[in-house]
Amino acid sequence: MPRVLVAPDKFKGSLTAPEVAAAVARGLTAGRPDVEVSCLPVADGGDGTLAAALAAGYEAVPVTATGPTGEPVQTAYARLGDVAVVEMADVSGLGRLPGGRFAPRTATSRGTGEVVAAALAAGARRVVLGIGGSATTDGGAGLLQALGARLLDADGAPVGPGGAGLERLARVDVSGVTAALQGAEVVVACDVDNPLTGPSGAAAVYGPQKGADRDDVVHLDGCLARLADAVAEATGRDLRDEPGAGAAGGVGFAALAVLGAQLRPGIDLLLDLLGFDRLVAGAELVVVGEGSLDEQSLRGKAPVGVARRARAAGVPAVVAVCGRRDLQDAALREAGIDAAAALTDLEPDPARCMAEAGPLLERLAQRIAAEHLPTPA
4 MPRVLVAPDK FKGSLTAPEV AAAVARGLTA GRPDVEVSCL PVADGGDGTL
54 AAALAAGYEA VPVTATGPTG EPVQTAYARL GDVAVVEMAD VSGLGRLPGG
104 RFAPRTATSR GTGEVVAAAL AAGARRVVLG IGGSATTDGG AGLLQALGAR
154 LLDADGAPVG PGGAGLERLA RVDVSGVTAA LQGAEVVVAC DVDNPLTGPS
204 GAAAVYGPQK GADRDDVVHL DGCLARLADA VAEATGRDLR DEPGAGAAGG
254 VGFAALAVLG AQLRPGIDLL LDLLGFDRLV AGAELVVVGE GSLDEQSLRG
304 KAPVGVARRA RAAGVPAVVA VCGRRDLQDA ALREAGIDAA AALTDLEPDP
354 ARCMAEAGPL LERLAQRIAA EHLPTPA
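Structure (structure tokens):
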């Protein structure tokens, strides 16, 4: 009986990762009733991280937290034993902006800190924080405030929310954070190496994606520098230029400089948490996937990360499913993927691909079963 591990990311705007995995599994078993299929939906630290953890057996712990513009949002963290998984996108992400209206100067990461604090208060000793998809450029100031740090202006009053609030920052007191952590470990899923400030920093590179115009970028970069100065004075360490400090609008900086966090590539961290090595053992085929298989996929995204781990485990074949494919065969092979099947191979209309992604994936999976599994004796 051939064994297959189905380990896709989401098809953004169409199907969640668990829905992709389920559709592929249905198609494989329809094409080869003798196949043994295991499903492991994955994510790379951005949106979908929480869903992947829950699909792997983690328990959802509901939390009410502060959204990016101050409104309360209903979110959760995932828990298994003393490990908690927190997804920044689900509380402080672009998808949480009311009406989709950007707030580049005032969006806060406070809610993410509140969820981390809730997990710690409930006894978590290891917090895995996925920081992709944030709506914020506040240097992690809100996150730190939620964990007990005091960010004060010259009059001793707390500074306002968002990156712009840091323009009045005069002093940082991080002593409360140590008490909140109580020796717990924080690990951050991070796939970028940007510093906090400067032309490659959080405001300059990612601010425009969050609605920042040229003036906003200049202002926010100066505010982040002010935060870095104050944190360096409080901690004796200046980590603004550390790779990854600019991730998630500077949350990477706050995690490194104040939480003492370790930054790890998102997909590798998630695969370890989800038990990938155990599930892939003995598989003859691994099916990976995401909505768009393109140049961005080669830069540490989930399908390539899964393919690399599958190859290291000795899996004979890795095949990708996707909504659309913009990579040539040679690039795929170099990334460890033998072949790719796109929904657009079956349906050229992108709108119909989005609307009918599930049934189309089932058809692709039947084709994959016929072409990439050993012929039954």
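Start counting the sequence shown at 4; every next residue gets the next number (the working numbering). Every residue, glycine too, gets a C-beta built ideally from N, C-alpha and C. Quantities reported herein were computed from a predicted structural model and do not represent experimental measurements.
In the DSSP assignment, residue 301 falls outside any beta strand (DSSP E), carrying neither H nor E.
For residue 195, there is no enclosing beta strand (DSSP E), since its DSSP letter is neither H nor E. Going by beta carbons, residue 376 and residue 29 fall outside the 7 Å limit. Distance from the Cα of residue 306 is smallest, within the candidate group 152, 87, 284, 334, for 334. Residue 79 sits in a strand when the DSSP states are folded into three classes. Remark: C-beta atoms of residue 79 and residue 94 do not approach each other more closely than 7 Å. Contact annotation: residue 45 and residue 292 have beta-carbon atoms that are not nearer than 7 Å. Residue range 52-58 is occupied by the alpha helix (DSSP H) that includes residue 52. Residue 135 places its beta carbon less than 7 Å from that of residue 49.
Judged by their CB atoms, residue 139 and residue 112 are nearer to each other than the 7 Å cut-off. Membership of residue 181 in the alpha helix (DSSP H) is indicated by the continuous run 178-184. The residue among 192, 185, 142, 196 with its C-alpha nearest the C-alpha of residue 170 is 142.
When beta bridges are read from the DSSP output, residue 42 appears opposite 9. Contact between residue 184 and residue 266 does not hold, since the beta-carbon distance rounds to 16 Å and is not under 8 Å. Nearest Cα to residue 329 within the set 343, 131, 270, 317: 343. With respect to the 7 Å criterion, residue 323 and residue 363 are not classified as neighbours on the basis of their beta carbons.
Residue 249 is positioned such that its CB atom lies closer than 7 Å to that of residue 199.
At the C-beta level, residue 56 and residue 88 come within 7 Å of one another. Straight through space, the alpha carbons of residue 225 and residue 203 are spaced by roughly 14 Å. Straight-line spacing of the CA atoms in residue 212 and residue 33 works out to 42 Å. Residue 67 carries a strand assignment under DSSP once its states are collapsed to helix, strand and coil.
The secondary-structure analysis by DSSP pairs residue 132 across a beta bridge with 89, 191. In the structure shown, residue 97 falls within a helical segment according to DSSP collapsed to helix, strand and coil. Per DSSP, residue 154 is one residue of the beta strand (DSSP E) stretching across 153-155.
Along the region 212-258, the alpha helix (DSSP H) occurs as fully enclosed runs of 4 or more residues at 217-238, listed in sequence order. Under the three-state reduction of DSSP, residue 27 is assigned to helix. For residue 362, the three-state secondary structure derived from DSSP is helix.
When the five nearest sequence neighbours on each side are left out, the beta carbons in the same chain lying within less than 8 Å of the beta carbon of residue 74 are those of 101, in order along the chain.
The three-state secondary structure of residue 331, taken from DSSP, is coil.
The C-alpha of residue 274 lies about 8 Å from the C-alpha of residue 280. Taken atom to atom, the span from the alpha-carbon of residue 272 to that of residue 321 is near 20 Å.
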